[in-house]
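Below is one structure, written out as structure tokens, with a few remarks after it.
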Amino acid sequence: MNERILIIEDELAMRTALADLLSAEGYRVLSAADGERGLQRALEEKPDLILLDIMMPKLDGFALCAELRRRASAVPVLMLTAKGQVEDRVAGLDSGADDYLVKPFSTEELLARARALLRRMERNSPLPSKLKLGGLEIDLARQTAVRGNHPVHLTAKEFAMLRLMAQAEGEPVTREKFLDAVWGYAAFPTTRTVDNHIASLRAKLEKNPDAPRHLKTVHGVGYKLEL
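Numbered according to the numbering used here, the sequence shown spans residues 27 to 253.
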């Protein structure tokens, strides 16, 4: 399990309890203690799911969720709040939340709703089966790459990195996301692993690896694929 879940919750006890619960289930956990920091982490680190409190300092959950949707972020949002009135739930869903859970809630229900949102996101994520990079044709499903009539050898991890970038649709993929999804973060706890594999991919795919046309560096974030 490599999904990354961002907890945006100002109460330390709740934030810690949620982090412990999700970590024990095998999720990678990020956290933020106020709305402004939560929005920043959501936009920069692009988690797979957000657990979002409503009543927070600096930026409340309604405004945060609305801003995510304004910026075309499709990350699923599960609102967790003590505000259980119908109008509050409607306001949360209208701001762009995908689901709403009223405190106090059972851990079993929280985990079930999180799994459901992650499954839905996975089903909806577009994944092209083939890529064309200049004169190179890559079949992600068959894991083959050909330039003209000549095969180009890519490793399984290199195909996995291309698949992850293709699925991001031009958005940058963080080094941490690569480590999570391709290796399993615990196996290679250094971002240099990602950089070295990108260099290898560029050497195989780019006409000029020193001035890449397709595998672009996004400084301070990671890498993205431009077709």
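Yeah, the Cβ is synthetic: ideal placement off N, Cα and C, and Gly gets one too. Just so you know, these numbers come straight off a predicted model, no measurement behind them.
Excluding five sequence neighbours on each side, which residues of the same chain lie with their C-beta closer than 7 Å to the C-beta of residue i?
{"i": "residue 91", "result": "78, 103, 121, 122 and 123"}
{"i": "residue 199", "result": "190, 191, 248, 249 and 250"}
{"i": "residue 180", "result": "171 and 230"}
Determine the extent of the alpha helix (DSSP H) in which residue i is found, giving its start and end residues.
{"i": "residue 124", "result": "Taken as a continuous stretch (DSSP letters only), residue 124 belongs to no alpha helix (DSSP H), as it is neither H nor E."}
{"i": "residue 220", "result": "218-231"}
{"i": "residue 156", "result": "Looking at the DSSP string, residue 156 is not in any alpha helix (DSSP H); the run it does join, the beta strand (DSSP E), is 156-159."}
Flag this pair as yes or no: are the beta carbons of residue i and residue j separated by less than 8 Å?
{"i": "residue 76", "j": "residue 107", "result": "no"}
{"i": "residue 129", "j": "residue 253", "result": "no"}
{"i": "residue 59", "j": "residue 74", "result": "no"}
{"i": "residue 85", "j": "residue 62", "result": "yes"}
{"i": "residue 206", "j": "residue 54", "result": "yes"}
Could you check where the beta strand (DSSP E) with residue i kicks off and where it finishes?
{"i": "residue 251", "result": "248-251"}
{"i": "residue 163", "result": "162-165"}
Helix, strand or coil: which one does DSSP assign to residue i?
{"i": "residue 49", "result": "helix"}
{"i": "residue 116", "result": "helix"}
{"i": "residue 54", "result": "strand"}
{"i": "residue 71", "result": "helix"}
{"i": "residue 78", "result": "strand"}
{"i": "residue 178", "result": "coil"}
{"i": "residue 186", "result": "helix"}
{"i": "residue 239", "result": "coil"}
{"i": "residue 101", "result": "coil"}
Please return the same chain residues whose Cβ sits closer than 8 Å to the Cβ of residue i, not counting the five positions on each side in sequence.
{"i": "residue 114", "result": "80 and 107"}
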